[in-house]
Structures are given as C-alpha cells and as structure tokens.
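Notes follow once the structure below has been shown.
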Amino acid sequence: MTVPTKTLPSGAELPALGLGTYDLGDHTADSVRAALDAGYAHIDTAEGYHNEAAIGEALAEYDRDEVFLTSKVLAKNLNYESVIESCEASLDRLGTDYLDLYLIHWPNPAISLRETLQAMAELHDRGLVRDVGVSNFSAYQLSCAHHVADVPIAVNQIEYHPWFQRPDLVDYCHESDTVIEAAAPLARTAVFDDEVVADLAETYDKHPAQVVLRWALDNDVVALPRSATPEHVRANADLDWELDPADRRRLDGRDRDEPVYDTPARDWTSDVYGIEQ
C-alpha cells in the first residue's frame, strides 16, 4: 500500500489514509491490529470514544514511532487545566508519552478559544503533542483559531464525503494551509447506494468504499474510514490505482450538502457532546 502524506508544521508526515475508531466497541483492538498489519500507519481516536485503552493495548505490540497517533479533547474539557489533564489521561490510556496530533473535538463557545489554545501550546512546548488542530470547526471558527493560536493549527477534521463536500470550508482550509481530514468519509456506508458510486465500482471492479476513498485522496483530503471487520479494514487500503479525471468529476457532482451526523445538542457538559462522528 502506497499512501501519500501531508507535511505538518512540526515537519511530521501525516499519512493520508488512517483508521477511524469511533464506535468500534469490543472490536477496537482487533481493528487496530488489522490496520497496522495491512500497512496503515495512522490511527485516529478521541477521549470521547472510550477506546483509548484498547488502542494502547494493540499499539503495545508494534513500534510506536512507526504509527501516527491522533486523539481529541472533549468540548466539555476545553478550559486550560482540563485540556492538560485530558491529554495526560489520554497518553496514559494509550500507553505512550506523546501524541502526533491533538485536536479540539468540537468548538465550545462557553469556553475561551484563546484559553484552550494556550493549553494546546503548553502541551506542544512540553513535547506531549507534536502538532495541534481542531475538528468540526467552521471556516469562521477556524479563522479565529488561526488568529489566536500560539502554535500553528495543522488540521481541521470535518465530515466530508461525496454527499457533503463543503466547498467554502474546503477552500478556506486550503487557503490557510490547514490539512483537511475526512470524518465519516464513507457517509457511514450511505453513499454506497449512490448511482454514480455504484456505477464506478462496477467499472473499476472495486468496492464502493474503495472508489470513495480514492476520490477523497485525489481531492487532497486525508480519509479516516472505520470498520469493525478486519477484511474491510484491509480492503479499504487497496488504493494503489487511479480514477480517471472525468470519473472524479462525476463524483464531484454528487454533492447534496447532506451530512450524516448531527451537531450535538448544546449541552456543553454532556459526556455525549463531541463524540458523534
């Protein structure tokens, strides 16, 4: 598997294909093992996924320095001390002394973004995180983050797939040199039934997931598919082939402005807030 990478402000190389681990439950460790055995080098988690310990268990069997590891802090924990404590707790559960990337999982207007990013800078200065970023930020929120951050905002992880392409936000990310990561890049399998996706899967003799993931990579987006089935994890990595530009444009034309996960309820202290992806 040959996967392109994105160079982050620290100089680290972010693999453009990673394993998303939301809602994997008891399958988490096996999915991580399947991914790493298949050649993935990028694992994405969050404190809100409640699976960091299982991921740490699997990672202990591999060379940590060969794996790009991301976690996220919940929106309810964005005050200064809580960010520090959340990161340290994530590191403990993951069994590592650093994160390659640490993200604000969802914006929280009840807590100062400047305060949150000061804590992220502290973690960066201490060497606990190599790069910092955000998740589920609008273009305006991302602009604010860039304006007040003491360390570069490397990534914005957003919902992105053929039915929800978000051109204005994508354009701003590109203009601000912010890497786009696609959460729910397969729209939770909903796009498999799209007529163009199905037609291209037949044309290229590929699974619909492979077609959509290849399209995301071709659009300069880091894809984070999740699967609880090891064979699907392995199949999602079969991307050493090309989409014809005309076929890529057909997928570009499938945008419905239709997300598959909802913005969480505005309960900033809820344990559920910030993990719906």
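If you count the sequence shown from 1, position 179 lands on 179 in the working numbering, and the numbers rise without skipping. Just so you know, even glycine gets a beta-carbon here, dropped at the ideal spot from N, CA and C. Values in this document were obtained by computation on a predicted structure and should not be read as measured data.
**Request:** Locate the alpha helix (DSSP H) running through His232, then write down its first and last residues.
**Result:** As a first step, residue 232 must be located in the sequence shown, where it is residue number 232. That run of the alpha helix (DSSP H) goes 230–236.
**Request:** Look up Asn219 in the DSSP assignment and say whether it is helix, strand or coil.
**Result:** Position 219 of the sequence shown, counted from the first residue, corresponds to residue 219. The DSSP-derived three-state label of Asn219 is coil.
**Prompt:** Taking the C-alpha atoms as reference points, what is the distance between Ala41 and Asp257?
**Reply:** Sequence index remark: in the sequence shown, residue 41 carries index 41 (1-based). Sequence index remark: in the sequence shown, residue 257 carries index 257 (1-based). It is roughly 31 Å from the alpha-carbon of Ala41 to the alpha-carbon of Asp257.
**Message:** Measuring only the C-alpha atoms, how far is Arg93 from Glu202?
**Reply:** Position 93 of the sequence shown holds residue 93. Position 202 of the sequence shown holds residue 202. So the alpha carbons of these two residues sit roughly 43 Å apart.
**Request:** Measure the Cβ-Cβ separation of Leu69 and Asp100 and say whether it is below 7 Å.
**Result:** Position 69 of the sequence shown, counted from the first residue, corresponds to residue 69. Position 100 of the sequence shown, counted from the first residue, corresponds to residue 100. At a Cβ-Cβ threshold of 7 Å, Leu69 and Asp100 count as neighbours.
**Message:** Could you give the first and the last residue of the continuous alpha helix (DSSP H) run that contains Gln157?
**Reply:** The residue labelled residue 157 in the question sits at position 157 within the sequence shown. No alpha helix (DSSP H) holds Gln157; the beta strand (DSSP E) holding it covers 153–159.
**Request:** Return helix, strand or coil for Tyr98, following the three-state DSSP convention.
**Result:** Along the sequence shown, read from residue 1 onward, the residue named residue 98 stands at position 98. Residue state, collapsed to three classes: coil.
**Message:** Taking the beta strand (DSSP E) that Thr5 belongs to, which residues open and close that run?
**Reply:** Start at 1 with the first residue of the sequence shown, and residue 5 comes out as number 5. Here the beta strand (DSSP E) through Thr5 covers 5–7.
**Request:** Kindly confirm or deny that the segment 114–129 and the segment 28–47 touch, where touching means at least three C-beta pairs closer than 8 Å.
**Result:** In this structure the segment 114–129 does not touch the segment 28–47; the number of beta carbon pairs closer than 8 Å is below three.
**Message:** In the DSSP assignment, the alpha helix (DSSP H) including Leu224 goes from what residue to what residue?
**Reply:** The residue you call residue 224 lines up with position 224 of the sequence shown. Leu224 -> no alpha helix (DSSP H), and no H or E assigned at all.
**Prompt:** Going by the CB atoms, is the gap between Val211 and Leu200 shorter than 7 Å?
**Reply:** Mapped onto the sequence shown, residue 200 falls at position 200. Mapped onto the sequence shown, residue 211 falls at position 211. Going by C-beta atoms, Leu200 is nearer than 7 Å to Val211.
**CB-CB length for Ile43 against Leu24, believed under 8 Å** = Here residue 43 refers to the residue found at position 43 when the sequence shown is read from its first residue. Here residue 24 refers to the residue found at position 24 when the sequence shown is read from its first residue. That pair is no contact at about 11 Å.
**Message:** Suppose the cutoff is 8 Å on Cβ atoms and the five residues either side in sequence are ignored; what does the same chain contact list for Glu66 look like?
**Reply:** The residue given as residue 66 occupies position 66 in the sequence shown. Ala41.
**Request:** Would you list the one or two residues that DSSP bridges to Phe164?
**Result:** One-based indexing of the sequence shown puts residue 164 at position 164. DSSP links Phe164 through a beta bridge to His161.
**Prompt:** Considering only the beta carbon of each residue, do Ala46 and Leu217 sit closer than 7 Å?
**Reply:** For the purposes of this step, residue 46 is taken as residue 46 along the sequence shown, with counting starting at 1. For the purposes of this step, residue 217 is taken as residue 217 along the sequence shown, with counting starting at 1. No, the pair does not count as a contact, with Cβ atoms beyond the cut-off.
**8 Å Cβ shell around Arg248 - same chain, five flanking residues per side excluded** = Within the sequence shown, numbered from 1, the residue matching residue 248 stands at position 248. So the qualifying residues of the chain are Trp215, Asp218, Asn219.
**Item:** Enclosing alpha helix (DSSP H) for Ile55 [first to last residue]
**Value:** Locating residue 55 in the sequence shown gives position 55, counting from the first residue. From DSSP, the alpha helix (DSSP H) with Ile55 extends over 52–59.
**Request:** Give, in chain order, every unbroken run of the alpha helix (DSSP H) that is at least 4 residues long and sits entirely within the segment 8–49.
**Result:** 28–38
**Asked** In or out: Arg266 buried (at least 16 other Cβ within 10 Å) or exposed?
**Response** Along the sequence shown, read from residue 1 onward, the residue named residue 266 stands at position 266. With a pLDDT of 38 at Arg266, under the threshold of 50, the modelled position of that residue is not reliable, and the figure given next carries that caveat. Answer is exposed; the Cβ neighbour count stays below 16.
**Request:** To the nearest angstrom, report how far apart Trp241 and His232 are at their CA atoms.
**Result:** Position 241 of the sequence shown, counted from the start, is the residue given in the question as residue 241. Position 232 of the sequence shown, counted from the start, is the residue given in the question as residue 232. Roughly 17 Å between the two C-alpha positions.
**DSSP three-state assignment for Lys72, whether helix, strand or coil** = Stepping through the sequence shown from its first residue, residue 72 is reached at position 72. In the three-state DSSP reduction, Lys72 falls in the strand class (E or B).
**Asked** What three-state label does DSSP hand Leu186 in the structure shown?
**Response** By one-based count along the sequence shown, residue 186 stands at place 186. Coil.
**Asked** Terminal residues of the continuous beta strand (DSSP E) containing Val129?
**Response** As a first step, residue 129 is located in the sequence shown; it is residue number 129 there, counting from the start. It spans 129–135 - the beta strand (DSSP E) in which Val129 sits, taken as one unbroken run.
**Message:** On the criterion of 16 or more Cβ atoms from any shown chain inside 10 Å, does Tyr160 qualify as buried, or is it exposed?
**Reply:** Translated into positions along the sequence shown, residue 160 becomes position 160. Tyr160 comes out buried.
**Prompt:** For Ile104, which residues does DSSP report across the bridge?
**Reply:** Residue 104 sits at position 104 when you count from the first residue of the sequence shown. Note: Ile104 sits in a beta bridge opposite Val73, Val134.
**Asked** The alpha helix (DSSP H) spanning Val196 covers which residue range?
**Response** Start at 1 with the first residue of the sequence shown, and residue 196 comes out as number 196. It spans 195–204 - the alpha helix (DSSP H) in which Val196 sits, taken as one unbroken run.
**Message:** Which same chain residues end up closer than 7 Å to Thr116 when comparing Cβ atoms and leaving out the 5 residues on each side of it in sequence?
**Reply:** Along the sequence shown, read from residue 1 onward, the residue named residue 116 stands at position 116. Excluding sequence neighbours, Thr116 sits near Leu78, Val83, Ile104.
**Request:** Could you say which of Leu8, Asp193, Thr28 lies nearest to Ser227 if we only look at CA atoms?
**Result:** As a first step, residue 227 must be located in the sequence shown, where it is residue number 227. Here the closest residue by C-alpha is Thr28.
**Asked** So, helix, strand or coil for Val67, using DSSP?
**Response** Numbered from its first residue, the sequence shown carries residue 67 at position 67. Note: Val67 maps to coil in three-state DSSP.
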